[in-house]
Amino acid sequence: LDIQAIFDLVGDKVRETFNAQAVGILTLDRDNIASFPYIIENGVRQYEPPSPLGDKGFSAYVVRTRKPLIINEQMPARAIEVGSTIVGGGKAAQSGIWVPLIVGDEARGVISIQNVDREHAFSDTDFRLLITLAGSLSVAFENARLFDQTQRLLKETEQRAAELSVINRIQEGMAAALDFQAIVDLVG
Numbered sequence: 136l137d138i139q140a141i142f143d144l145v146g147d148k149v150r151e152t153f154n155a156q157a158v159g160i161l162t163l164d165r166d167n168i169a170s171f172p173y174i175i176e177n178g179v180r181q182y183e184p185p186s187p188l189g190d191k192g193f194s195a196y197v198v199r200t201r202k203p204l205i206i207n208e209q210m211p212a213r214a215i216e217v218g219s220t221i222v223g224g225g226k227a228a229q230s231g232i233w234v235p236l237i238v239g240d241e242a243r244g245v246i247s248i249q250n251v252d253r254e255h256a257f258s259d260t261d262f263r264l265l266i267t268l269a270g271s272l273s274v275a276f277e278n279a280r281l282f283d284q285t286q287r288l289l290k291e292t293e294q295r296a297a298e299l300s301v302i303n304r305i306q307e308g309m310a311a312a313l314d315f316q317a318i319v320d321l322v323g
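What follows is the structure, given as structure tokens:
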């Protein structure tokens, strides 16, 4: 039920399924801050700090248009067109697919696969399969996010209830004994 464990499981399965050395999952919060819960290239986990999504890059393009993108050739030229940079510090891709994670009518993230060794690494079947997977993943990720948020709010509510219980006991003790020293001892 840990949301990071879900990202790891999904990312690992996507890596196993496709001919991709690099797999990335990007999520967006309500303030358009991009987080990268999963980036792996050639079996090595990479990290990128959260940052505003901005208007440049393949992921920004996919989020803005809410349409999947496949690039199988001339990747350097296409990267320049959209102002793409390498996320996580890996190698430049030769082929790639980026698919938006849609929740309702909003793009709430992107899942991407890249091949850093060769062009034409992905077929139309790969493209359609990742699009299909992204549809299911969008729902699963949103449900996990909502569950995580609910658990956090529940813990906060339980903490507030415990604090109120302490306050109530102090008030009951104060009402029962108006002796100043007894009140000081009770509060202490």
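Each residue of the sequence shown is one higher than the one before, counting from 136 in our numbering.
By construction, the Cβ of each residue, glycine as well, lies at the ideal position given by its N, Cα and C atoms.
Cβ distance (whole Å) where Ile324 is taken to contact Ser230 below 8 Å = Outside the modelled stretch of the chain, which goes from 136 to 323, sits residue 324, for which no answer is possible.
ask   = Would you say Ile175 and Val158 are within 8 Å of each other, going by their C-beta atoms?
value = yes
inquiry  = Whole angstroms are fine: how far does the CA of Ile302 sit from the CA of Leu289?
reply    = 20 Å
inquiry  = Taking the straight line between their C-alpha atoms, what separation do you get for Ile168 and Leu188?
reply    = 6 Å
ask   = Whose CA, out of Asp261, Arg201, Gln249, lies closest to the CA of Gly239?
value = Arg201
ask   = Is the beta carbon of Ile246 sitting closer than 8 Å to the one on Leu236?
value = yes
task = Take Leu161 and list the residues in its own chain whose beta-carbon comes closer than 6 Å to its own, dropping the five residues that flank it on each side.
result = Ala169, Phe171, Ser194, Gly244, Val245
ask   = According to the neighbour-count rule (16 or more other Cβ atoms, all chains shown, within 10 Å of its Cβ), is Val274 buried or exposed?
value = exposed
message = Does the structure place the segment 259 to 277 close enough to the segment 209 to 224 that three or more beta carbon pairs sit under 8 Å?
response = no
ask   = What are the start and end residues of the beta strand (DSSP E) that includes Ala214?
value = Counting along the chain, Ala214 falls outside any beta strand (DSSP E), though it belongs to the alpha helix (DSSP H) covering 210 to 217.
inquiry  = Tell me which residues share the same chain as Arg280 and place their Cβ nearer than 6 Å to its Cβ, disregarding the 5 neighbours each side in the sequence.
reply    = none
request  = List the residues that DSSP assigns as beta-bridge partners of Arg180.
outcome  = Ile175
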